[in-house]
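These protein sequences, in sequence, are chains U and Z. The first sequence begins at 4 in the working numbering and counts up by one. The second sequence begins at 56 in the working numbering and counts up by one. Note that the Cβ used here is the ideal one computed from N, Cα and C, for glycine as well. Everything on this sheet refers to the single structure shown next.
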Amino acid sequence: MPWKRKHLIDVDDWEREDFELLLEQTSNMDSILDRSIKKAPALRGKIVVNIFYEPSTRTRTSFEIAGKLLSADVINWTASGSSAAKGESLRDTIWTLEAMGADAVVIRHGEVGVPYYLAEKLKKASVINGGDGTHAHPTQALLDLYTAWRELGSLDGKKVAIVGDILHSRVARSDIYAFKAVGAEVCLSGPSTLMPTDINSLNATYEPNIAEAIDGADVVYMLRIQRERQDAGLFPSLDEYHKRYGLTDKLLGKAKKGALVMHPGPINRGVEIASSVADGPQSFILKQVRAGVAVRMALLYLMLGGVKE
Amino acid sequence: MKWLVNGRLFDGELLREGLCDLVIDKGRVAKIAPAGRFVPPEGATRIDLDGRILAPGFIDLHAHLRDPGQEWREDIISGSRAAAAGGFATVVAMPNTDPPIDRSSLVRYVLERGQSAGAARVLPAGSVTKGRHGQELAEMWFMANEGAAIFTDDGLPVSTAHLLRTALLYADDLGMAIMEHPEELSLTKDAQVNDGPCAARSGLKGAPKAAELIAVERGIALAKDTGAHLHLTHLSAKESLEAVRRAKKDGINITCDVTPHHLTLDESLIEKSGYSAAYKVNPPLRTAHDLEALWEGLADGTVDAIATDHAPYHLDEKDLPFQEAASGIASLECAVAVVLDAWLKRGKPFGIERLLRLFTAGPASVLRKSDLGRIEEGSVADITALDIGRERRVEAKRWESKARITPWEGAALCGWPVMTMREGKVIWVDGDSRLHAERD
Chain U
4 MPWKRKHLID VDDWEREDFE LLLEQTSNMD SILDRSIKKA PALRGKIVVN
54 IFYEPSTRTR TSFEIAGKLL SADVINWTAS GSSAAKGESL RDTIWTLEAM
104 GADAVVIRHG EVGVPYYLAE KLKKASVING GDGTHAHPTQ ALLDLYTAWR
154 ELGSLDGKKV AIVGDILHSR VARSDIYAFK AVGAEVCLSG PSTLMPTDIN
204 SLNATYEPNI AEAIDGADVV YMLRIQRERQ DAGLFPSLDE YHKRYGLTDK
254 LLGKAKKGAL VMHPGPINRG VEIASSVADG PQSFILKQVR AGVAVRMALL
304 YLMLGGVKE
Chain Z
56 MKWLVNGRLF DGELLREGLC DLVIDKGRVA KIAPAGRFVP PEGATRIDLD
106 GRILAPGFID LHAHLRDPGQ EWREDIISGS RAAAAGGFAT VVAMPNTDPP
156 IDRSSLVRYV LERGQSAGAA RVLPAGSVTK GRHGQELAEM WFMANEGAAI
206 FTDDGLPVST AHLLRTALLY ADDLGMAIME HPEELSLTKD AQVNDGPCAA
256 RSGLKGAPKA AELIAVERGI ALAKDTGAHL HLTHLSAKES LEAVRRAKKD
306 GINITCDVTP HHLTLDESLI EKSGYSAAYK VNPPLRTAHD LEALWEGLAD
356 GTVDAIATDH APYHLDEKDL PFQEAASGIA SLECAVAVVL DAWLKRGKPF
406 GIERLLRLFT AGPASVLRKS DLGRIEEGSV ADITALDIGR ERRVEAKRWE
456 SKARITPWEG AALCGWPVMT MREGKVIWVD GDSRLHAERD
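Structure, rendered in structure tokens:
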């Protein structure tokens, strides 16, 4: 199957075959990471621009390493705040990127929809969404999917529990699409105040009781809890949150034996996850980080090099 | 003097059988008769409508003309011309300008600028409160004497129930209505879309329909309490319509309007468009169920008027990513076609007379302007000619309005106005319509 997508804005329009091709390609890239000289010439002469309007050392570095391992020239464009606040409009930034001859633009932005806007305006370059506001984080979903797939094999019929602040989580939205597309069932959990009103639109079940939600789960995915949600009055205290929804060893016992514990990082120890679980044998958190590099290599390769039929 | 021949006359209530001829003299309708019944008046300009509908000049209850203070978005002249080009002979200009229209001198300014535009009649809406700050009543009597048509703090609801109650009583003494923007602000802070499927999938903050309903119910309670006339503008949610329907049944003095965009667009388009800011508006586009409820409201008479809520912005304020862009849909020049086209595509769910009343007699009655919204011998010669069968594409670059972004850009719509006349003067004619009328 050839790769036909010019941009990666979200995974909500991906077919199962798209995910399978990406997983297969990621597997190839993963093997490069084990080599003593981790460098392939696939993207020599290509320019990848990382433009991050929101700080994100992990995602930016992961993209940077991925591009460099494939020999692309990676440029980190530093930006802060909204395009309007910055003085230069995003539109002007886009024309500048175009004029500089970027082949791919990785964008992280605090506002929903910015990658769509970029893709609509850019004539030549591919756009990769590195996270847009509370909307989507497709590369995180792909690395999560790869991590689980590598460990569990087929995800058909597997149960994935996603716990925490679904309302404000771009990771959860993209993960739901990705896991559902490859046959897993997804159960969401967390207080109702951290859930979208129309939760049925997310195409996942909702179980407010975390013990029920993770009962028999193959993957327990914990989301980061941000203090500002407490400040906004969406839950009374971090302590109470931990008591109700924090993943402890005891709670993890409810999940399937050997279930994978995942988290997009950075973790809040003692809030959404107990240290003993984060550092325990079932934690795949660091494996996710490594998978992030391989997934982004695969994506850049497919989008800039492409698979020829 | 003008001689309009072969029109299908809608007089504000009924669409008359057969074709009619009209004589217009000194800005008024001098004579109406079945086609071919009288000799052409000497020296009259003959305009052959060739079977098109001849209706009272359309009235838009709710448009943002941005003047004074935000003329880069629109001004009274461009707005008045845009209204005429959209088939409106009268347009009510909202007072959320800079400064707000909160005193008689500003009412006069709007009226005079409107006069000099020479296109659609511009009627100023005055603010309910001084500076639209929601603290003290503005000088409504002075503004009414100068020519304000209605009072509203639109863009915001009247800040407190007490103030709204006082305003209703005060306006009632003047024989006028209060137009209320129904929104409970504590539920809509930072909201960008409807609190429904789009909010769930995008993570954008959602405005719940309850925010509108709470304000609608507040208004109904106060209209009941005072007996005064409250007009609720741009209703968007099924529950709001149901509340108004019940209130009307109980005899409460309530009227309401809906917009062309809430009648034809739903929130799913925001996602489908890749979060295009053209679809960003307040109140937000709701669900397909709400949209259906609005059409039911048109059909059963719950809705009194269709108003554009024309909200023009400069490209730099609107051609932006969704979250950064300003809220508002510009539509004066295509609103009538948007609604007529949807009515046709729905298989004409109710008679065209009901639809035409929503642009004519309905808004005239909200404004208590008995001389507008009807055609009879002696009435003001405001006329909109409509070609139901005519299809045309929306091309914002050809607009009289300064706005250039609209969700209907490029859409082929059926049912366009072809001529607008105000007080006997042709203020706009569609040059491609083969209608032989020249602008005065």
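Using the beta-carbon count (16 or more within 10 Å), is U/His98 buried or exposed?
The sequence shown places Trp at residue 98 of chain U, rather than the His named in the question. U/Trp98 is exposed by the Cβ-count criterion.
Can you pull the chain Z neighbours of U/Pro199, defined as C-beta to C-beta under 7 Å?
Ala254, Ala255
Chain U contacts from the stretch 250 to 282 of chain Z (Cβ-Cβ distance under 9 Å)
Asp250, Gly251, Pro252, Cys253, Ala254, Ala255, Arg256, Ser257, Gly258, Leu259, Lys260, Gly261, Pro263
Hey, quick one: how far does the alpha helix (DSSP H) through Z/Asn200 stretch, first residue to last?
195 to 201
How far does the beta strand (DSSP E) with Z/Thr145 in it extend, from its first residue to its last?
143 to 148
Among U/Ser177, U/Phe238, U/Ala139, U/Asp221, the one whose alpha carbon lies nearest that of U/Ser195:
U/Phe238
Pull up the CB-CB distance for U/His138 and U/Val174, whole angstroms please, since I reckon it's below 8 Å.
That belief does not hold up - the Cβ atoms of U/His138 and U/Val174 are roughly 11 Å apart, past 8 Å.
Z/Arg83, DSSP secondary structure in three states:
strand
Starting from Z/Cys253 and walking both ways along the beta strand (DSSP E), at which residues does that stretch end?
It is not in any beta strand (DSSP E) - Z/Cys253 instead sits in the alpha helix (DSSP H) that spans 252 to 257.
Can you give the Cα-Cα distance for Z/Leu109 and Z/Gly169, rounded to whole angstroms?
24 Å
Which stretch, first to last residue, makes up the beta strand (DSSP E) that contains Z/Phe206?
205 to 207
Z/Val271 to Z/Tyr164, Cα distance in whole Å?
32 Å
Hey, would you say Z/Arg63 sits closer than 8 Å to Z/Gly106, going by beta carbons?
yes
Buried or exposed (CB count within 10 angstroms, at least 16 for buried), Z/Lys400:
exposed
Please state whether DSSP places U/Ser85 in a helix, a strand or coil.
Its pLDDT being 48, under 50, U/Ser85 is placed unreliably by the model, and the measurement read from it follows with that caveat. Coil, per DSSP.
Regarding Z/Glu493 and the ligand HEM, is the C-beta to nearest heavy atom distance less than 7 Å?
The ligand HEM is not part of this structure, which contains no ligands at all.
At 8 Å on the CB atoms, spell out the chain Z contacts of U/Leu205, in chain order.
Ala255, Arg256
Own chain partners of Z/Pro155 with C-beta closer than 7 Å, once the 5 adjacent residues on each side are dropped:
Ser182, Gly186, Arg187
Contacting residues, own chain, Cβ-Cβ under 6 Å from U/Leu148 (five flanking each side not counted)
Ala181
Under 7 Å from the C-beta of U/Gly115: neighbouring residues of chain Z:
The sequence given here places Val at residue 115 of chain U; Gly does not occur at that position. Here the neighbours are Ser257, Gly258, Leu259, Tyr330, Phe377, Gln378.
For chain Z, is any of its Cβ atoms less than 8 Å away from the one on U/Arg111?
no
Hey, how far is the Cα of U/Val364 from the Cα of U/Gly134?
In the structure as shown, chain U starts at 4 and stops at 312, and residue 364 of chain U therefore has no counterpart that could be examined.
Any chain Z beta carbon closer than 8 Å to U/Ile97
no
Please report how far the alpha carbon of Z/Lys81 lies from the alpha carbon of Z/Gly479, in whole angstroms.
7 Å
Given that a residue counts as buried once 16 or more other Cβ atoms are within 10 Å of its Cβ, and exposed if not, what is U/Ala235?
exposed
Compare the C-beta of Z/Asp345 against all C-beta atoms of chain U and say whether one is closer than 8 Å.
no
Using a 10 Å radius around the Cβ and a threshold of 16 neighbouring Cβ atoms, would you call Z/Trp127 buried or exposed?
exposed
Which residues in chain U sit within 8 Å of Z/Asp374, going by Cβ to Cβ distance?
Arg94
Using three-state DSSP, classify Z/Thr539 as helix, strand or coil.
Outside the shown range of chain Z (56 to 495) lies residue 539 of chain Z, about which nothing can therefore be said.
Interface residues of chain Z around U/Gly136 at Cβ under 9 Å?
Ser257, Gly258, Leu259, Gln378
How is U/Arg230 classed by DSSP in three states: helix, strand or coil?
helix
Please state whether DSSP places Z/Trp127 in a helix, a strand or coil.
coil
Ordered along the chain, which non-local residues of its own chain (more than five positions away) have a Cβ less than 8 Å from that of U/Lys259?
Lys162, Gly219, Ala220, Asp221
If you follow the alpha helix (DSSP H) that U/Phe182 is in, where does it begin and where does it stop?
173 to 184
Please state if the CB of Z/His286 and the CB of Z/Asp364 are separated by a distance shorter than 8 Å.
no
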